[in-house]
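Engineer: First, the structure itself, so that you have it in front of you.
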Amino acid sequence: MMMDMRAPAPMQGGKHGGKRILVAGGAGFIGSHLCARLLREGHEVICLDSLRTGSLRNIAALSNHPGFTLVRHDVIVPYEARDIDQIYNLACPASPVHYQIDPVHTLRSCVEGAIRLLDLAQRTGARILQASTSEVYGDPHVHPQREDYWGNVNPVGPRSCYDEGKRCAETLFLDYGRQNGLSIKIARIFNTYGPHMAVGDGRVVSNLIVQALGGQPLTLYGDGRQTRAFCYVDDLVEGLVRLMNSPAPVTGPVNLGNPQEISMLTLARHVLREVGKDEAPPIQFRELPVDDPTQRCPDIALARSTLGWQPRIDLETGLRRTVAYFRQLGLERIDAPVQPTPARDFAAS
């Protein structure tokens, strides 16, 4: 693995005869799985990440791969590279715990980062994909959510830096495509889970697993009847790759997520079963935060018809793999409580 603040030297067609692909946010949760997938397919991968929320641990297994380069770089700063075939933009803090620490930087990552990468795509002729989020639907009045639903979003709330930032990024991508002829793609990512989720990052699946492994009370908001739909990360990455390589007229936005919704209470029971504790810890219920949607579930008819994509990995299998990952981190020895946050949908990194 190479860590360099400069642009890597250009290589025609990639080191392995595949494409030369830049993954912004490639050291994050989803981005690291995407990098691994692209390397397995024989592509050269430039992982661009500021490491503000991404982790070197996520990409440690890729460090000695000859086709992998890590460049520590913040996407709000222009980046120069040549001979780039594809760009995936997953660069943005993706959980309330992270994006509320510096909401101005979060908004800049969404907006300025999109502009910087779109300009790079224009200079290099690369196709570019934006990892957007189901948060653009807000607290939806339509269920399940289709891509033509405009959403119900609070534009001035404490989480609007992320929600509105992603909405603005979608507009930028579409306008660059219409005005400048760029080949653009937009994926709206719903709740995703799996290995490489960060401990204490606010994602409901990781919070529940960490609490269960540590013998702590599980925390749910409201009465636990709010619903979400959870997609395993390998399925999500498959959808991203299919969208990126779909015919040019397929620009999106395209929903990528699991249409099988479950309640938070049911999710907690699944987690306890997979953790296998002899004595289940109690469940604590807390007040539902403002703007937290009661339902969130994708309509994936467009993904099925245009990409031939739908999730394949069931929740039981996905949770088993995710619990195994957290066990490897030794979390059953962690006694400090994890600060819980409400169930949210996360897109990037």
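Going by the numbering used here, the first residue of the sequence shown is number 2, and it counts up by one from there. Beta carbons: idealized from backbone N, C-alpha and C, even for Gly.
Within the same chain, show all residues whose beta-carbon is closer than 7 angstroms to that of residue 104, passing over the 5 residues directly before and after it, in chain order.
Structural biologist: Here residue 104 refers to the residue found at position 103 of the sequence shown. Hits under 7 angstroms: 162.
Engineer: Does the contact criterion of 3 or more C-beta pairs under 8 angstroms hold for the segment 195 to 206 versus the segment 138 to 156?
Structural biologist: Verdict: no, contact absent.
Engineer: So who's on the other strand from residue 49, going by DSSP bridges?
Structural biologist: Start at 1 with the first residue of the sequence shown, and residue 49 comes out as number 48. 25 and 72, per the DSSP bridge assignment.
Engineer: Beta-carbon within less than 7 angstroms of residue 336's beta-carbon, same chain only, minus the 5 sequence neighbours each way: which residues are those?
Structural biologist: For the purposes of this step, residue 336 is identified with residue 335 of the sequence shown, where counting begins at 1. Only weak support exists for where residue 336 lies, its pLDDT of 39 falling under 50; the value from the coordinates is given anyway. For residue 336, where only same-chain residues beyond five positions count, the Cβ hits under 7 angstroms are 215.
Engineer: Ordered along the chain, which non-local residues of its own chain (more than five positions away) have a Cβ less than 6 angstroms from that of residue 102?
Structural biologist: Translated into the one-based positions of the sequence shown, residue 102 becomes position 101. Closer than 6 angstroms at Cβ, skipping near neighbours: no residue.
Engineer: DSSP on residue 179, reduced to helix/strand/coil?
Structural biologist: In the sequence shown, counting from the first residue as 1, residue 179 sits at position 178. DSSP places residue 179 in helix when its eight states are reduced to three.
Engineer: Within 10 angstroms of the Cβ of residue 295, are there 16 or more other Cβ atoms? Answer buried if so, exposed if not.
Structural biologist: The residue labelled residue 295 in the question sits at position 294 within the sequence shown. It counts as exposed.
Engineer: With DSSP collapsed to three states, give me the class of residue 348.
Structural biologist: For this step, residue 348 is matched to residue 347 along the sequence shown. Caution is warranted here: a pLDDT of 41 is assigned to residue 348, below 50, making its placement in the model unreliable, and no coordinate value can be reported.
Engineer: For residue 272, which residues in the same chain have their Cβ closer than 8 angstroms to its Cβ, ignoring the five residues on either side in sequence?
Structural biologist: Translated into the one-based positions of the sequence shown, residue 272 becomes position 271. If we look at residue 272 and ignore the five residues flanking it on each side, its Cβ neighbours are 206, 209, 210, 213, 219, 320 and 324.
Engineer: Quick one: Cα of residue 14 to Cα of residue 222, how far?
Structural biologist: Here residue 14 corresponds to residue number 13 of the sequence shown, with the count starting at 1. Here residue 222 corresponds to residue number 221 of the sequence shown, with the count starting at 1. Note that residue 14 scores a pLDDT of 44, beneath 50, so its modelled location is shaky and nothing firm can be said.
Engineer: For residue 152, I'd like the list of residues in its chain whose CB is within less than 7 angstroms of its CB, leaving aside the five on either flank, ordered along the chain.
Structural biologist: Here the question's residue 152 lines up with position 151 in the sequence shown. 137, 138, 139 and 141, listed in sequence order.
Engineer: Measure the CB-CB distance between residue 174 and residue 190 and report whether it falls below 7 angstroms.
Structural biologist: Position 173 of the sequence shown holds residue 174. Position 189 of the sequence shown holds residue 190. Going by C-beta atoms, residue 174 is not nearer than 7 angstroms to residue 190.
Engineer: With DSSP collapsed to three states, give me the class of residue 100.
Structural biologist: By one-based count along the sequence shown, residue 100 stands at place 99. Three-state result, residue 100: helix.
Engineer: Could you check whether the segment 256 to 272 touches the segment 55 to 68, counting it as contact only if at least three pairs of C-beta atoms, one from each stretch, sit closer than 8 angstroms?
Structural biologist: Because the criterion of three Cβ pairs below 8 angstroms is not met, the segment 256 to 272 and the segment 55 to 68 do not touch.
Engineer: Could you pull the DSSP bridge partners for residue 186 from this structure?
Structural biologist: To locate residue 186, count along the sequence shown from 1; it is residue 185. Answer is 130.
Engineer: Check whether the Cβ atoms of residue 177 and residue 130 sit closer than 7 angstroms, and answer yes or no.
Structural biologist: The sequence position of residue 177 within the sequence shown is 176, counting from 1. The sequence position of residue 130 within the sequence shown is 129, counting from 1. Against a cut-off of 7 angstroms, the Cβ pair of residue 130 and residue 177 comes out as no contact.
Engineer: State the Cα-Cα distance for the pair residue 65 and residue 155, rounded to the nearest angstrom.
Structural biologist: Working through the sequence shown from its first residue, we reach residue 65 at position 64. Working through the sequence shown from its first residue, we reach residue 155 at position 154. In a straight line, the C-alpha of residue 65 is about 45 angstroms away from that of residue 155.
Engineer: Look at the alpha carbon of residue 44 and the alpha carbon of residue 24, and state the distance between them as a whole number of angstroms.
Structural biologist: Along the sequence shown, one-based indexing puts residue 44 at 43. Along the sequence shown, one-based indexing puts residue 24 at 23. For residue 44 and residue 24, the distance between alpha carbons rounds to 12 angstroms.
Engineer: Ends of the alpha helix (DSSP H) at residue 267?
Structural biologist: By 1-based counting over the sequence shown, the position of residue 267 is 266. Unbroken alpha helix (DSSP H) run through residue 267: 265 to 276.
Engineer: Go ahead and pull the three-state DSSP assignment for residue 158.
Structural biologist: Looking up residue 158 in the sequence shown gives position 157. Note: residue 158 maps to coil in three-state DSSP.
Engineer: Compare the C-alpha of residue 243 against each of 203, 230 and 257 and name the closest.
Structural biologist: As a first step, residue 243 must be located in the sequence shown, where it is residue number 242. Among 203, 230 and 257, the Cα nearest to that of residue 243 belongs to 257.
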